[in-house]
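Some notes on the structure that comes next.
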Amino acid sequence: MAGRNHLFIPGPTNTPHEILSAMHVPMEDHRAPSFPKLFKPILEDLKKIFKTETGQTFVFPATGTAGWEIALTNTLNLGDKVLIYRFGQFSHLWMSMAQRLGFDVEIDEIEWGKGIPLDAMETRLKEDTAHEIKAVLATYNETATGVTSDIAGVRKAMDAANHPALLYVDGVSAIASIEFRMDDWGVDGAISGSQKGFMLPAGAAILAFSQKALKCTETATFPRCFLDLKDQMAQNKDGYTPYTPSTPMLHGLRKSIDLLLAEGMENVYARHFRLAEGTRRAITAWGLKLCAQPGFESDTVSAIVVPEDKDARDVIATAFSKYNISLGGGLAEVMGKVFRIGHIGDMNDVSMLGAIAGVEMALLDNGIDITAGSGVAAAIEYYRSTAK
Ligand SMILES: *Cc1c(COP(=O)(O)O)cnc(C)c1O
């Protein structure tokens, strides 16, 4: 098929040409005296993206999933109690990892479409007077349902309960795209990956830990080796890594950070809001609904519910085979019920309009009763009226 495949999934996201070019480099000696000149400023500048001055940043040759494991195994002991809210496939997988690793996992099942219930959390933490809960695992942006939780509110609830648990945040589909303030929100472990907001290929877990979390690494007895933060810290202080880094990835990350900071993080957040809002206007014009309930809508991904007698997988298959666009599928409990449009990373008004037009064609082809052009028209009006 002529033309390119258009990637409208919430990760991996589109990689800008500037980043692809920056990654096109010969291999180099990662033990050379010049290597810290590349790596140290990356670790330093990542703090501006995580919005932390007191925390420490890390890059592991891994993915977001490893970030979950790094947070758990470096700071906790076998059998420690952790509290998690399960409301989508990613919070499910993090929960499942904690169980498989042997932690005592307290699960609060939340309806898919909602996020972390702040009042219930505060009540639960107040009940835990013995402070048995050692960490709260919060999925900031649940990519499966397009649900964003209020992490500032989570911190408030923890403080109101005067609870000392560590706050770990899965920000894989949020950090570098929607508002994230590690220090202001008192986040102890912020987990991200290269292939979403950072617009890179998969292959880097990009993380930040608070001094409180790092102190726990000194006493935590959970066995760990490849994912040991202490080994990273010992080498990172001189600008090196404990094992071979992906140097092209680091050159790409350098460019990604430069692009994000040149745009300005507040502008990056505003752009993601606009892209998402135009998409939401289109969804409303089609007469369809988000999986996310009001107040939980994500600015990086919209999960759209199809009418009950339809299968969202057919819409995704048509979109791919007839129109060469990739949409996200429904995962686990929402399989067949939703399809997802990613509006994260290297996107602008016209790329979103392409996604919306392609989705309209695939919806119509599958007998879903929408008016041709209605979503595109709603999005055009919104983008025009808010363009600078
Ligand atoms: C993509 C994603 C992950 C998993 O990251 P991998 O890079 O696939 O390991 C975890 N959490 C969320 C919220 C995600 O969107």
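In case it helps, the working numbering puts the sequence shown at residues 106 to 493.
Ideal Cβ positions, reconstructed from N, Cα and C, are used throughout, including at glycine.
Residue j beta carbon less than 8 Å from that of residue i
| i | j | result |
| --- | --- | --- |
| Lys186 | Asp209 | yes |
| Ala408 | Phe113 | no |
| Leu380 | Ile388 | no |
| Ser278 | Val464 | no |
| Thr180 | Thr352 | no |
| Gly435 | Lys301 | no |
| Val411 | Ile475 | no |
| Lys288 | Gly160 | Checking the displayed sequence, the identity of residue 288 turns out to be Asp instead of Lys. In contact: Asp288 and Gly160 (Cβ atoms closer than 8 Å). |
| Trp290 | Ala318 | no |
| Phe165 | Ala295 | no |
| Ala203 | Ile215 | no |
| Thr253 | Glu402 | yes |
| Gln398 | Lys219 | yes |
| Gln316 | Ala249 | no |
| Thr162 | Leu148 | yes |
| Arg191 | His197 | yes |
| Gly276 | Phe285 | yes |
| His111 | Asn453 | no |
| Ala390 | Gly450 | no |
| Asp414 | Gly441 | no |
N-terminal and C-terminal residue of the alpha helix (DSSP H) that residue i is part of
| i | result |
| --- | --- |
| Gln337 | Leu334 to Asn341 |
| Ile409 | Element bounds for Ile409: not the alpha helix (DSSP H) but the beta strand (DSSP E), Val406 to Val410. |
| Gly383 | Met370 to Trp391 |
| Gly108 | That residue, Gly108, is in no alpha helix (DSSP H); it is neither H nor E in DSSP. |
| Gly258 | Ile256 to Ala265 |
| Phe155 | Phe140 to Phe155 |
| Thr170 | Gly169 to Thr180 |
| Asp289 | It is not in any alpha helix (DSSP H) - Asp289 carries neither H nor E in the DSSP assignment. |
| Thr159 | Run containing Thr159: none; DSSP gives neither H nor E here. |
| His129 | Counting along the chain, His129 falls outside any alpha helix (DSSP H), and DSSP gives it neither H nor E. |
| Leu468 | Asp454 to Asp470 |
| Ser490 | Ser479 to Thr491 |
Start and end residues, beta strand (DSSP E) containing residue i
| i | result |
| --- | --- |
| Tyr348 | Careful: Tyr348 lies outside any beta strand (DSSP E) and carries neither H nor E. |
| Ala310 | Ala310 to Phe314 |
| Ala298 | The sequence shown places Gly at residue 298, not Ala. Gly294 to Gly298 is the span of the beta strand (DSSP E), which, as asked, contains Gly298. |
| Ile430 | Ile430 to Leu432 |
| Thr244 | Ile238 to Thr244 |
| Leu515 | Outside the displayed range of the chain (106 to 493) lies residue 515, so it cannot be described from this structure. |
| Leu271 | Leu271 to Asp275 |
| Ile446 | Val443 to Gly447 |
Identified DSSP bridge partners for residue i
| i | result |
| --- | --- |
| Trp217 | Lys219 |
| Asp209 | Lys186 |
| Lys394 | Val410 |
| Val252 | Glu247 and Glu402 |
| Gly191 | A small fix is needed here, since residue 191 is Arg in this sequence, not Gly. Arg191 pairs with Glu214. |
| Phe496 | Outside the displayed span of the chain (106 to 493) sits residue 496, for which this structure offers no information. |
Residue i to residue j span [Cα, whole Å]
| i | j | result |
| --- | --- | --- |
| Trp199 | Asp224 | 22 Å |
| Asn182 | Phe327 | 5 Å |
| Leu242 | Glu232 | 18 Å |
| Ile446 | Ile221 | 23 Å |
| Phe331 | Tyr348 | 9 Å |
| Lys427 | Ala477 | 17 Å |
| Leu432 | Asn471 | 15 Å |
| Pro306 | Leu230 | 39 Å |
| Ala325 | Thr178 | 8 Å |
| Gly169 | Ala107 | 34 Å |
| His356 | Ser282 | 20 Å |
| Ser361 | Glu158 | 20 Å |
| Ala522 | Ile238 | Outside the displayed range of the chain (106 to 493) lies residue 522, so it cannot be described from this structure. |
| Asp333 | Pro146 | 22 Å |
| Arg260 | Glu371 | 21 Å |
| Ile311 | Met304 | 12 Å |
| Val292 | Met466 | 43 Å |
| Ala422 | Lys335 | 46 Å |
| Thr118 | Thr244 | 19 Å |
| Ile175 | Leu468 | 41 Å |
| Thr384 | Gly251 | 12 Å |
| His122 | Asp363 | 14 Å |
| Ser201 | Gln340 | 31 Å |
| His448 | Thr120 | 13 Å |
| Met263 | Ala270 | 8 Å |
| Glu247 | Phe314 | 21 Å |
Residue-chain proximity (residue i, chain B), Cβ-Cβ < 8 Å
| i | result |
| --- | --- |
| Ala482 | Protein chains in the displayed structure number just one, and chain B is not present. |
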